[in-house]
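Sequential numbering from 0 applies to the sequence shown in numbering that gives the first Met the number 0.
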Amino acid sequence: MTHIALVGPGAIGGTIATWLSQDSSHTVSVAARTAFDGLEVATPQGVIRASPRVFTRSEEAQIAQWVLVATKAYDSAAAAKWFGALCDDRTHIAVLQNGVEHIERFEPYFPRERILPVMIDCPAERSGPGRIRQRGAIHMVVPESAAGADFVDLFRNLPLDVSQSPDFRTAAWRKLCLNSAGAVSAVTLKPAGIVRHQGVAALMRDIIRECIAVACAEGARLDDSVADTIIDNMRKGPADSINSIHADRLAGRPMEVDARNGVIVRLGRKHGISTPMNSLMVSLLESVQ
Ligand SMILES: NC(=O)c1ccc[n+]([C@@H]2O[C@H](COP(=O)([O-])OP(=O)(O)OC[C@H]3O[C@@H](n4cnc5c(N)ncnc54)[C@H](OP(=O)(O)O)[C@@H]3O)[C@@H](O)[C@H]2O)c1
């Protein structure tokens, strides 16, 4: 029996906690900021439900073998406050967040060698506490390692695509390419279909190409064709889909500006790479935060 604690039961955390609870070889508990009764996720395979133990105070927490963190990147320091109550010297932490700085965000609070970064691709939206719509398939990628293999094993009985990669860096930067373009939706308050406007598609392509240039300087293996592929896929995808930074702006929540576009500007500066379009997105989004 593996005890898994999930910190941050929002769109991603709630979905993953509900799926993990479908496997009776796990016990799943949830560290929440806001209490709620039960989880219900409308998935492409039908509605799934779970009633994990939910706690909002660290005195109620128990040591877990795995702690999965699925808060927004800007809530990482607050999420780390749970570690003292949830972790012993064998616990691993998996970081299910966007961006490319999963380890950097948590190494001030936890031993680096027991932090597992997770690239998660899972279009999901929260409609209320514990109520989530999972719009598409879930893919997760982790680095090839002993901890990576253990993490993949947590999902062995579930219909989720979870794999190890010998080149996690490239997987994470490829996802950031997509996320970087999502800033345009947050600025304009228009869902993904806005990519069908030619000028907007050109702007998104420029944003992504800046991301690719910085990714390559950081050691990822991506070329400019990735920008065209992302734009083509967005054009073919659902026009009404709302990415998570757009959803945050609509809900009046803070946005992951630094984790999604700011990081491209910061690391670009480090490598002497100019990133004017990402800078523009950062300035516009910071101005409306
Ligand atoms: N949504 C997507 O489609 C998607 C897809 C791929 C990756 N991601 C990434 O996944 C990460 C999570 O995104 P999300 O969309 O799931 O965010 P979300 O829906 O806003 O959920 C975040 C959750 O974290 C909780 N939280 C915040 N601080 C906490 C704390 N100190 N202790 C416990 N819980 C805390 C929030 O509590 P409250 O309930 O009080 O707000 C909320 O339930 C982000 O990095 C995002 O970019 C999202």
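Ideal Cβ placement from N, Cα and C applies to all residues, glycine included.
Since this is a predicted model, take the numbers as computed values, not measurements.
- Of the candidates Glu217, Ala31 and Gln21, Ala31 places its Cα closest to the Cα of Ser57.
- Residue Cys215 holds the alpha-carbon nearest to the alpha-carbon of Ala170 among Cys215, Arg204 and Ala78.
- Here Leu188 is exposed, its C-beta having fewer than 16 other C-beta atoms within 10 Å.
- Considering only Met139, Gly7 and Arg234, the residue with the shortest C-alpha distance to Gln163 is Met139.
- For Ala49, no alpha helix (DSSP H) encloses it; the enclosing beta strand (DSSP E) starts and ends at Gly45 to Ala49.
- Looking at the backbone, the Cα of Val6 and that of Pro158 are separated by about 22 Å.
- Around the beta carbon of Lys269, fewer than 16 other beta carbons sit within 10 angstroms, so the residue counts as exposed.
- For ligand 1, a non-hydrogen atom lies closer than 7 Å to the CB of Gln96.
- Three or more beta-carbon pairs separated by less than 8 Å link the stretch 87-99 to the stretch 247-258, which places the two stretches in contact.
- With fewer than 16 neighbouring CB atoms inside 10 Å of its own CB, Ile62 falls in the exposed class.
- Looking from the CA of Thr55, the closest CA among Pro122, Leu85, Leu175 and Ser243 belongs to Leu85.
- Inclusion of Ser184 and His245 in the CB contact set at 8 Å is warranted, their separation being smaller than that value.
- Here Arg125 is buried. Its C-beta has 16 or more other C-beta atoms within 10 Å.
- Residue pairing by DSSP puts Trp65 in a beta bridge opposite Ile3 and His91.
- Cα atoms of Lys80 and Gly198: separation of roughly 44 Å, rounded to the nearest angstrom.
- Judged by their CB atoms, Val225 and Thr274 are not nearer to each other than the 8 Å cut-off.
- Secondary-structure assignment with DSSP links Glu217 through no beta bridge to anything.
- Within 7 Å of the C-beta of Ile11 there is at least one heavy atom belonging to ligand 1.
- As DSSP reads the structure, Gln96 sits in no beta bridge.
- When Asp88, Met118 and Asp87 are compared, the shortest CA-CA separation from Ile102 is found for Met118.
- DSSP places Leu115 inside the beta strand (DSSP E), whose first and last residues are Ile114 to Asp120.
- Beta-bridge partners assigned by DSSP to Thr42: Gly45.
- Thr70 counts as buried, since no fewer than 16 other beta carbons sit within 10 angstroms of its beta carbon.
- At least one heavy atom of ligand 1 sits closer than 7 Å to the Cβ of Ser243.
- With a threshold of 7 Å, the Cβ atom of Ala180 does not count as near ligand 1, since no heavy atom of the ligand is closer than that.
- Annotated three-state conformation of Pro142 is strand, per DSSP.
- A straight-line Cα-Cα distance of about 12 Å links Thr26 and Val53.
- A Cβ-Cβ separation of about 20 Å leaves Ile47 out of contact with Trp65 under the 8 Å criterion.
- Contact between Ala136 and Pro43 holds, with the beta-carbon distance rounding to 7 Å and staying under 8 Å.
- At a threshold of 7 Å, Val27 does not count as near ligand 1, since its beta carbon sits no closer than that to any of the ligand's heavy atoms.
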